[in-house]
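>
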Amino acid sequence: KSNSLSRTEMRDGIQSLNLGLRDSEVEALVDYADMDGNGSVDFPEFRQMFGSDAKSKALRDQRSADVLKIERRREARAADSPLLEALEEVDSQSVAVFWGLLQSLCPSIRDAFVFLKGF
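Numbered according to my numbering, the sequence shown terminates at residue 121, and the numbering increases by one at each position without gaps.
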């Protein structure tokens with residue numbers, strides 16, 4: 003198996019957790035984790051976005067700030083943008099709920115990655 007999660011693997015893994023998220027929220031979580039925008043989430047991205055260490059938290063905070071800046075620019079250009087709507091779905095609470103449940107099921111970040119990869 004590769005060292006990255008495809009969009010489908012991550013989406014299916016998130017949906018298997020039955021968090022009650024809408025499809026747009028699930029897609030937004032995948033977009034949020036795909037930091038380099040290549041269409042997949044490799045293990046280092048996954049570890050950085052969902053880790054519990056201070057560096058990971060700082061990265062999430064920066065990513066949230068970056069998403070907010072992008073949202074504001076897009077709002078100025080087109081208020082009806084579907085991508086903007088998807089980005090608005092991702093907030094720190096969604097990430098915290100997703101990661102909290104994943105942590106309760108998996109003892110390590112690597113195990114969480116493998117869990118998602120299995121779907």
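By construction, the Cβ of each residue, glycine as well, lies at the ideal position given by its N, Cα and C atoms.
For A31, which of R62, K57 and S106 has the nearest alpha-carbon?
The residue labelled residue 31 in the question sits at position 29 within the sequence shown. Just to set this straight, residue 31 is Leu in the shown sequence, not Ala. Nearest option by C-alpha distance: R62.
> Check the C-beta distance from D36 over to V28 and give it rounded, since I have them as a contact under 8 Å.
The residue given as residue 36 occupies position 34 in the sequence shown. The residue given as residue 28 occupies position 26 in the sequence shown. So it is not a contact: roughly 13 Å between Cβ atoms.
> How many angstroms separate the CA atom of V116 from the CA atom of F48?
Numbered from 1 along the sequence shown, position 114 holds the residue referred to as residue 116. Numbered from 1 along the sequence shown, position 46 holds the residue referred to as residue 48. So the two alpha carbons sit approximately 11 Å from each other.
> Quick check on DSSP: helix, strand or coil for S54?
By one-based count along the sequence shown, residue 54 stands at place 52. Three-state result, S54: coil.
> In angstroms, rounded to a whole number, what distance separates the CA positions of S8 and G120?
Mapped onto the sequence shown, residue 8 falls at position 6. Mapped onto the sequence shown, residue 120 falls at position 118. So the two alpha carbons sit approximately 11 Å from each other.
> Tell me, to the nearest whole angstrom, how far the beta carbon of L21 is from that of V99; I am working on the premise that it is less than 8 Å.
The sequence position of residue 21 within the sequence shown is 19, counting from 1. The sequence position of residue 99 within the sequence shown is 97, counting from 1. The Cβ separation is near 6 Å, so the contact holds.
> Given that a residue counts as buried once 16 or more other Cβ atoms are within 10 Å of its Cβ, and exposed if not, what is A114?
For this step, residue 114 is matched to residue 112 along the sequence shown. When all chains shown are included, A114 counts as buried.
> What does the Cβ neighbour count give for Q126, buried or exposed, with the cut at 16 atoms within 10 Å?
Any property of residue 126 remains undetermined from this structure, which presents the chain solely from 3 to 121.
> Quick one: what's got a C-beta closer than 7 Å to Q17's C-beta in the same chain, skipping five residues either side?
Position 15 of the sequence shown, counting from 1, holds the residue named residue 17. Within the same chain, Q17 has close Cβ partners V28.
> Where does the unbroken beta strand (DSSP E) through L7 begin, and where does it stop?
Indexing the sequence shown from 1 puts residue 7 at position 5. Where L7 is concerned, the enclosing beta strand (DSSP E) stretches over S6 to S8.
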